[in-house]
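Colleague: In the numbering used here, the protein residues as written are 1093 to 1209. Glycine included, every Cβ here is placed at the ideal spot set by N, Cα and C. My questions all concern the structure below.
Okay, structure coming up:
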C-alpha cells in the first residue's frame, strides 16, 4: 500500500515505509515459505524505485541482491521465474549504464534471454 502511495504522491516517506514493512514481512517469512521469493522480488523493485528517485548505488545493489535471492528461491519452472529474470536483467542493465561494468551488461543479457525461454 505504501509503495502505491509513493507512486501516486512521490513522497519518499511512503517509499521508506514500504521498504520497512516489506523487510519486516521478509524477516517473518520462513526460508522455505512459498511467498519468500515474492517478498524478495518486491523489495528489489522498491529499492530500484528509490535508486531511480535519489540515485544511491547502494539501493541498486540491494535491488540486485533481492532479485538474486528471489531467483534462487524460485523453481526454474515456476510461472514467475521469467519476471524475476526480467527484473534482475533490468537492474543489472541499469547498473551497467551507471558504472560501465561489462560484466553487468553480459549478466543483463543472460537474464533477458532466460526470461524469454
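1) If you pair each beta-carbon of the region 1151-1163 with each one of the region 1175-1189, do three or more pairs fall below 8 Å?
2) Which residue marks the beginning of the alpha helix (DSSP H) containing residue 1150, and which one marks its end?
3) How many whole angstroms separate the CB atoms of residue 1128 and residue 1165, which I take to be in contact at a CB cut-off of 8 Å?
4) Just to confirm before moving on: does the CB-CB distance between residue 1174 and residue 1130 stay below 8 Å?
5) Grab the span of the alpha helix (DSSP H) containing residue 1205 for me, first residue to last.
6) Need the endpoints of the alpha helix (DSSP H) that residue 1142 sits in, please.
7) Excluding the 5 residues preceding and the 5 following residue 1151 in the sequence, name in chain order all residues of the same chain whose CB lies nearer than 8 Å to its CB.
Modeller: Quick look at the numbers:
1) yes
2) 1149-1164
3) 5 Å
4) no
5) 1194-1208
6) 1128-1146
7) 1139, 1140, 1142, 1143
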